[in-house]
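Residue numbers (this note's numbering): 12 to 417.
Working notes for the structure below.
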Amino acid sequence: MINSITEPVPPLRQDIEAFVVQVEREEMVALRDPLGIARDMLVFHPSAYEIMRLFNGDVSVQDVLKLIAESTGDHIQPEHLLKLVRELDAHKFLLSQGFIQTFREEVERFQDQRVRPAYLAGDAYPAEPDECERFIEQFFSGVGDARSSFAATGIITPHIDLRVGGGVYVPAFNSIRHGDCDTVVVLGTSHYSEEDYFILCEKDFETPLGTVQADRALVQRIREMSYPELTQTDFAHRNEHSIEFPVLFLKYLFGPECPPIVPVLCTSLQDAIEEERVPGEFPEFLTFTRAVRESLNDLKRKPVFIVSVDWSHVGKKFGDMTAAGDMLDRVRKSDMEQLEAVTRCDAAAFHSLVVNNRNRTRIDGYSCLQAYFEIAHPRQGELLRYEQWHEVERESAVTFASLAFR
Numbered sequence: 012m013i014n015s016i017t018e019p020v021p022p023l024r025q026d027i028e029a030f031v032v033q034v035e036r037e038e039m040v041a042l043r044d045p046l047g048i049a050r051d052m053l054v055f056h057p058s059a060y061e062i063m064r065l066f067n068g069d070v071s072v073q074d075v076l077k078l079i080a081e082s083t084g085d086h087i088q089p090e091h092l093l094k095l096v097r098e099l100d101a102h103k104f105l106l107s108q109g110f111i112q113t114f115r116e117e118v119e120r121f122q123d124q125r126v127r128p129a130y131l132a133g134d135a136y137p138a139e140p141d142e143c144e145r146f147i148e149q150f151f152s153g154v155g156d157a158r159s160s161f162a163a164t165g166i167i168t169p170h171i172d173l174r175v176g177g178g179v180y181v182p183a184f185n186s187i188r189h190g191d192c193d194t195v196v197v198l199g200t201s202h203y204s205e206e207d208y209f210i211l212c213e214k215d216f217e218t219p220l221g222t223v224q225a226d227r228a229l230v231q232r233i234r235e236m237s238y239p240e241l242t243q244t245d246f247a248h249r250n251e252h253s254i255e256f257p258v259l260f261l262k263y264l265f266g267p268e269c270p271p272i273v274p275v276l277c278t279s280l281q282d283a284i285e286e287e288r289v290p291g292e293f294p295e296f297l298t299f300t301r302a303v304r305e306s307l308n309d310l311k312r313k314p315v316f317i318v319s320v321d322w323s324h325v326g327k328k329f330g331d332m333t334a335a336g337d338m339l340d341r342v343r344k345s346d347m348e349q350l351e352a353v354t355r356c357d358a359a360a361f362h363s364l365v366v367n368n369r370n371r372t373r374i375d376g377y378s379c380l381q382a383y384f385e386i387a388h389p390r391q392g393e394l395l396r397y398e399q400w401h402e403v404e405r406e407s408a409v410t411f412a413s414l415a416f417r
């Protein structure tokens with residue numbers, strides 16, 4: 012427990028997510044741990060959040076009290092600020108020795124597991140099998156038999172909250188329902204880790220509908236061919252929804268006959284955008300994509316690819332000064348221009364569109380799509396459905412789509 016008012020306070024973790032929420036018509040700041048070390052959110056008055064942002068590892072409680080008194084004239088009792096510090100530390104929101112120890116233990120525990128638990132079951136979707144099946148069924152019933160005009164060997168599907176965009180998943184998954192495949196390569200956006208361009212996992216994935224096996228032989232072959240460019244850790248998969256959601260749909264779709272998966276998280280490739288270089292100029296990117304392509308060929312796999320991405324993220328929640336409602340028409344036009352390049356399977360054109368505006372609308376699937384194009388070389392795409400989720404109360408919006416490829 013932190014007791015000293017003269018010793019430096021451990022810094023507030025830089026990866027903690029902060030966002031505005033309404034509590035009884037008052038704006039508050041909610042803090043959330045993206046790593047899931049702390050499962051609970053904390054909610055504070057904005058003034059308290061401004062104070063905790065002063066914790067940079069160099070200042071003490073006494074230092075902060077002095078800064079507050081000098082800038083505002085307010086005199087806060089030391090025990091009140093200590094209480095705030097202890098609450099943050101107890102929830103592992105500070106980069107303290109307690110957090111570091113807990114994080115190491117969680118990483119080791121996850122590394123030792125053979126099955127990746129259904130992290131969001133009971134939260135984003137029901138944990139009870141029958142209820143979960145009915146939950147997914149409603150999306151298929153609502154959309155019917157919508158699918159691509161051809162048998163797809165690759166699809167783009169969202170990873171938006173199922174309660175918001177569940178119906179948009181369906182046309183893409185219907186497009187692979189009757190395909191002939193023996194493994195599924197899932198390329199999902201990595202929201203919580205930037206430790207490497209690609210992060211593999213060879214764990215089976217648990218769902219309320221049953222466990223989906225990993226294609227371990229294929230994963231291990233890719234690892235061997237990518238060494239030493241590829242991280243050997245897979246902790247980023249622990250609470251990542253961009254793989255968990257499509258795997259749940261896969262299990263619903265194929266049941267006991269569900270093919271094994273190769274779960275891959277793709278980080279942002281922001282270097283390619285900022286330096287205006289195509290991904291193929293990065294050795295790590297080429298090494299991994301070549302390893303996947305050649306491993307599939309060597310093991311004679313018949314793959315289907317699932318690219319799990321959302322599209323634009325705009326509005327005040329994502330750092331824009333303008334409310335999303337004033338941007339939606341402009342964003343739709345930009346999205347459609349990019350999606351048209353994607354359906355033409357023109358990776359260079361898509362890259363240029365993203366680079367030219369510095370990914371202004373924050374497409375989170377750029378790296379996943381570039382990896383898919385490099386690995387699979389699809390020839391034709393088809394846009395199946397596009398939607399915008401306007402979160403009015405937070406003046407923000409996310410767009411997402413489903414597509415099919417052959």
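In this text, a Cβ means the ideal position worked out from N, Cα and C, and glycines have one as well.
Quick caveat, the model's predicted, so the values are computed rather than measured.
Counting C-beta neighbours from all protein chains within 10 Å, is the total for VAL403 16 or more, i.e. buried, or is it exposed?
Flag for VAL403 reads exposed.
Residues sharing a beta bridge with PRO267, DSSP
None, per the DSSP bridge assignment.
Alpha helix (DSSP H) segments (min. 4 residues) lying fully within the region 143-192:
Uninterrupted alpha helix (DSSP H) stretches at least 4 residues long and entirely within the region 143-192 occur at 173-185, given in chain order.
Relative to the alpha-carbon of GLU285, which residue among LEU310, ASN370, ASP193 has its alpha-carbon at the smallest distance?
Its Cα nearest to that of GLU285, the residue ASN370 stands out among LEU310, ASN370, ASP193.
ALA163 versus HIS189 - alpha carbon distance:
Spanning the alpha carbons of ALA163 and HIS189 requires a straight line of approximately 9 Å.
Candidates LEU53, ALA382, ALA352, VAL195, of which the one nearest ILE272 by Cα
Measuring from the Cα of ILE272, the nearest candidate turns out to be VAL195.
Does DSSP put PHE66 in a helix, a strand or coil?
Here PHE66 sits in coil by DSSP.
Distance, LYS77 Cα to CYS212 Cα:
Here the C-alpha atom of CYS212 lies approximately 49 Å from the C-alpha atom of LYS77.
So the beta strand (DSSP E) ALA408 belongs to, where does it begin and stop?
Run containing ALA408: 407-416, per the beta strand (DSSP E) assignment.
Return the chain-ordered ranges of every alpha helix (DSSP H) run that is complete within the region 108-146 and spans a minimum of 4 residues.
Runs of the alpha helix (DSSP H) spanning 4 or more residues and lying entirely within the region 108-146 occur at 108-123, in chain order.
So, at 6 Å on beta carbons, what are the nonlocal neighbours of GLY47 in its own chain, with the 5 sequence-adjacent residues on each side left out?
A distance below 6 Å between beta-carbons, with the five flanking residues on each side excluded, links GLY47 to the following residues of its chain, in chain order: ASN250.
Look up SER15 in the DSSP assignment and say whether it is helix, strand or coil.
Reduced to three states, the DSSP call for SER15 is coil.
CB-CB under 7 Å to PRO140, same chain, minus the five flanking residues each way: which ones, in chain order?
Only PRO219, LEU220 meet the Cβ criterion.
Between the CA atoms of GLU18 and ARG145 - distance to the nearest angstrom:
So the two alpha carbons sit approximately 55 Å from each other.
With ILE27 and VAL20 assumed to form a contact (beta carbons below 8 Å), what rounded beta-carbon distance in angstroms separates them?
Contact flag wrong, Cβ pair sits at about 15 Å.
Within the continuous alpha helix (DSSP H) that includes CYS277, where are the two ends?
No alpha helix (DSSP H) contains CYS277, which is instead part of the beta strand (DSSP E) from 272-277.
On the DSSP letters alone, give me the boundaries of the alpha helix (DSSP H) that TYR383 sits inside.
Counting along the chain, the alpha helix (DSSP H) containing TYR383 begins and ends at 377-387.
Could you give the DSSP three-state label for PHE246: helix, strand or coil?
In this structure, PHE246 counts as helix in the three-state DSSP scheme.
Taking the CB atoms as reference points, tell me whether PHE411 and GLY176 lie closer together than 7 Å.
Against a cut-off of 7 Å, the Cβ pair of GLY176 and PHE411 comes out as a contact.
Per DSSP, what kind of secondary structure is ILE254 in: helix, strand or coil?
The answer is helix: DSSP assigns ILE254 an H, G or I state.
As assigned by DSSP and simplified to three states, the class of ILE79
Looking at ILE79 - three-state DSSP - the assignment turns out to be helix.
Secondary structure at ARG396, three-state DSSP: helix, strand or coil?
Strand, per DSSP.
Residue interval of the beta strand (DSSP E) (run including MET52):
Where MET52 is concerned, there is no enclosing beta strand (DSSP E), given that its DSSP letter is neither H nor E.
Looking at VAL31 and GLU38, is the spacing between their C-beta atoms short of 7 Å?
By the CB criterion at 7 Å, GLU38 and VAL31 fall inside the cutoff.
State yes or no: is the C-beta of SER413 within less than 7 Å of the C-beta of PRO182?
Yes, Cβ-Cβ distance for SER413 and PRO182 is below 7 Å.
Grouping DSSP H, G and I as helix and E and B as strand, with all else coil, what is PRO294?
In this structure, PRO294 counts as helix in the three-state DSSP scheme.
Is any beta-carbon of chain D found at less than 7 Å from that of GLN88?
As a matter of chain content, chain D is missing from the structure shown, which is built from one protein chain.
If you follow the alpha helix (DSSP H) that VAL366 is part of, which residue opens it and which one closes it?
For VAL366, the enclosing alpha helix (DSSP H) has its first and last residue at 358-367.
Could you give the distance in angstroms between the alpha-carbon of ILE111 and the alpha-carbon of VAL258?
The alpha-carbon atoms of ILE111 and VAL258 are separated by roughly 31 Å.
Taking only three categories from DSSP, how would you classify VAL353?
Looking at VAL353 - three-state DSSP - the assignment turns out to be helix.
List the DSSP bridge partners of VAL230.
Paired residues: none, contrary to the question.
Spatially closest choice to LEU229 from THR113, VAL318, SER306, VAL34, by CA coordinates
Nearest of THR113, VAL318, SER306, VAL34 to LEU229, Cα basis: SER306.
Sufficient close CB pairs (3 or more, under 8 Å) joining the region 280-299 to the region 310-330
Counting Cβ pairs under 8 Å, fewer than three are found: no touch.
How should VAL154 be labelled, buried or exposed, when 16 other C-beta atoms within 10 angstroms of its C-beta is the threshold for buried?
VAL154 should be labelled buried.
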